[in-house]
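To start, the structure under review is shown below, and the notes come after it.
Protein chains: 2
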Amino acid sequence: MLRLSKLTDYAVVVLIRLSEGGGECARLGGEPVQTSPGIALATGVPEPTVAKVLKALTSANLVASQRGARGGYRLVQALEQITIADVITAIDGPIALTACVDGAPGACDVQNMCAVKGRWDLVNDAIRQALTSITLAEMRVASVPMAFRLPAPDHLAPPDRLAQGGVPLAASAAE
Amino acid sequence: MLRLSKLTDYAVVVLIRLSEGGGECARLGGEPVQTSPGIALATGVPEPTVAKVLKALTSANLVASQRGARGGYRLVQALEQITIADVITAIDGPIALTACVDGAPGACDVQNMCAVKGRWDLVNDAIRQALTSITLAEMRVASVPMAFRLPAPDHLAPPDRLAQGGVPLAASAAE
DNA sequence: AACAATCAGGACCGCATGGGTCCTGTTAAG
DNA sequence: CTTAACAGGACCCATGCGGTCCTGATTGTT
Ligand code: FES
Ligand code: FES
Chain R
-1 MLRLSKLTDY AVVVLIRLSE GGGECARLGG EPVQTSPGIA LATGVPEPTV
49 AKVLKALTSA NLVASQRGAR GGYRLVQALE QITIADVITA IDGPIALTAC
99 VDGAPGACDV QNMCAVKGRW DLVNDAIRQA LTSITLAEMR VASVPMAFRL
149 PAPDHLAPPD RLAQGGVPLA ASAAE
Chain S
-1 MLRLSKLTDY AVVVLIRLSE GGGECARLGG EPVQTSPGIA LATGVPEPTV
49 AKVLKALTSA NLVASQRGAR GGYRLVQALE QITIADVITA IDGPIALTAC
99 VDGAPGACDV QNMCAVKGRW DLVNDAIRQA LTSITLAEMR VASVPMAFRL
149 PAPDHLAPPD RLAQGGVPLA ASAAE
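Structure (structure tokens):
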């Protein structure tokens, strides 16, 4: 259903957690790194998965790592600078809706007579635009101390329409 | 990689083919229906797949079907009225990027302490906007008489020459 | 110097999902 | 009555994702 991977979802969670750098691991004055077990504990995501996500994010230069004892991860950009497209690209690879985008030969069997050959690029670009226009800062629920939400959320119809007010909601997807 | 299903891709091809209604099956004056074998032949997509796509499109009321002999399919809207979002919804189901959108309970394991709970809706809406803003008419390559390519690659693996020649191969992969 | 903590980078497996085929009705034209 | 075509499944298989784990490399600590 056009769904992106759950890993990407986790990546967003992890990154936001990383932005709240003043965690329990902030020992070095200037570099409040966080360890993957720590993040896993804080977010509830299983540790191996967190580690995997962090590695991918490191490869994409979205986070920096400090090896060795007392090591960990830290952001290299502010949340405002990180777009959803960045995260998706880091985790899921380049954003390519169909196999027919770009000039991959042999990707599509019917490209000989295809009427929309290469036209998906249009859609692809639109998606990229939409994804690039949203930053992680907009994803984070503004000033919500999530310590409250520990108990299980209601089954359905959660009355948490609270955050609706403060978000600009750019929605500049149209062009 | 955030890819949508190949079926959706085929659906677009089929729909566009359907819009060029003046096919070989246009017997009835007012209702130029096309059969799925005919569309399969014209597009190069295997017949069973075409049939499957057509069925899904019929369920979504994007095309109308005429049963019985001399039956077939026809569009119910102009290409300009059909958005990519419509097609995706018809084939792949509702557009929901992550399992955490809407209030699906039990979808996400970490929703208890999640910092972005429900925030994916933002991204989701942006995607929907982007997908809704593009119609099939924009997807169709304007005035490309694909009648050239009719020689059927039915079997498979077209012997290496015809496919290579005429393809522009834009290779506009940005990043 | 030895140790421990932590990241790096894979290999690995199980499972869900999508892609594709096929079969059996049902409908309607000829 | 026969045939052409859709309807609606069931079905199998390959792909890829989600998740785990293992073996190094690196660096602070003791
Ligand atoms: S090239 Fe793949 S559908 Fe057109
Ligand atoms: S509820 Fe699923 S990641 Fe937040």
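Chains R and S, in that order, are what the protein sequence lines are.
Okay, so the first sequence: first residue is -1 according to our numbering, each after it adds one.
Okay, so the second sequence: first residue is -1 according to our numbering, each after it adds one.
We treat Cβ as the ideally placed atom computed from N, Cα and C, and that holds for glycine.
C-alpha distance - residue i paired with residue j, whole-angstrom precision
i      : j      : result
S:A54  : S:S3   : 13 Å
S:R117 : R:I37  : 20 Å
S:Q75  : R:T6   : 37 Å
R:A40  : R:D123 : 36 Å
S:Q32  : S:I14  : 12 Å
R:D119 : R:Q79  : 25 Å
R:I93  : S:I125 : 13 Å
R:I86  : R:K50  : 14 Å
S:A88  : R:P30  : 48 Å
S:D84  : R:P44  : 37 Å
S:Q127 : R:Q127 : 11 Å
R:G70  : S:E18  : 59 Å
S:C112 : R:Y8   : 9 Å
S:A67  : R:L52  : 59 Å
S:G42  : R:V114 : 13 Å
R:A58  : R:P46  : 19 Å
R:R65  : S:L77  : 56 Å
Contact check, residue i vs residue j, beta carbons under 8 Å
i     : j      : result
S:S34 : S:V48  : yes
R:R72 : R:L134 : no
R:V10 : R:M137 : yes
Assumed close pair residue i, residue j - CB separation to whole angstroms, cut-off 8 Å
i      : j      : result
S:I121 : R:L129 : First, the amino acid is wrong: residue 121 of chain S is Val here, not Ile. So it is a contact: roughly 7 Å between Cβ atoms.
R:I132 : R:T81  : 6 Å
R:L0   : S:D90  : 6 Å
Interface positions of the stretch 115 to 127 of chain S facing chain R (Cβ-Cβ less than 9 Å), listed along the chain: K115, G116, R117, W118, L120, V121, D123, A124, I125, R126, Q127
Chain-ordered residues of the stretch 69 to 95 of chain R with a beta carbon less than 9 Å from chain S: I82, I86, T87, D90, G91, P92, I93, A94, L95
Runs of alpha helix (DSSP H) wholly within the stretch 10 to 69 of chain S (minimum 4 residues, chain order): 34 to 41, 45 to 57
The stretch 51 to 65 of chain S: positions lying closer than 9 Å to chain R by Cβ: none
Residues in the stretch 37 to 52 of chain R having any Cβ partner in chain S nearer than 9 Å: A40, T41, G42, V43, P44
Interface positions of the stretch 2 to 22 of chain S facing chain R (Cβ-Cβ less than 9 Å), listed along the chain: L2, S3, K4, T6, D7, Y8, V10, V11, I14, R15, E18
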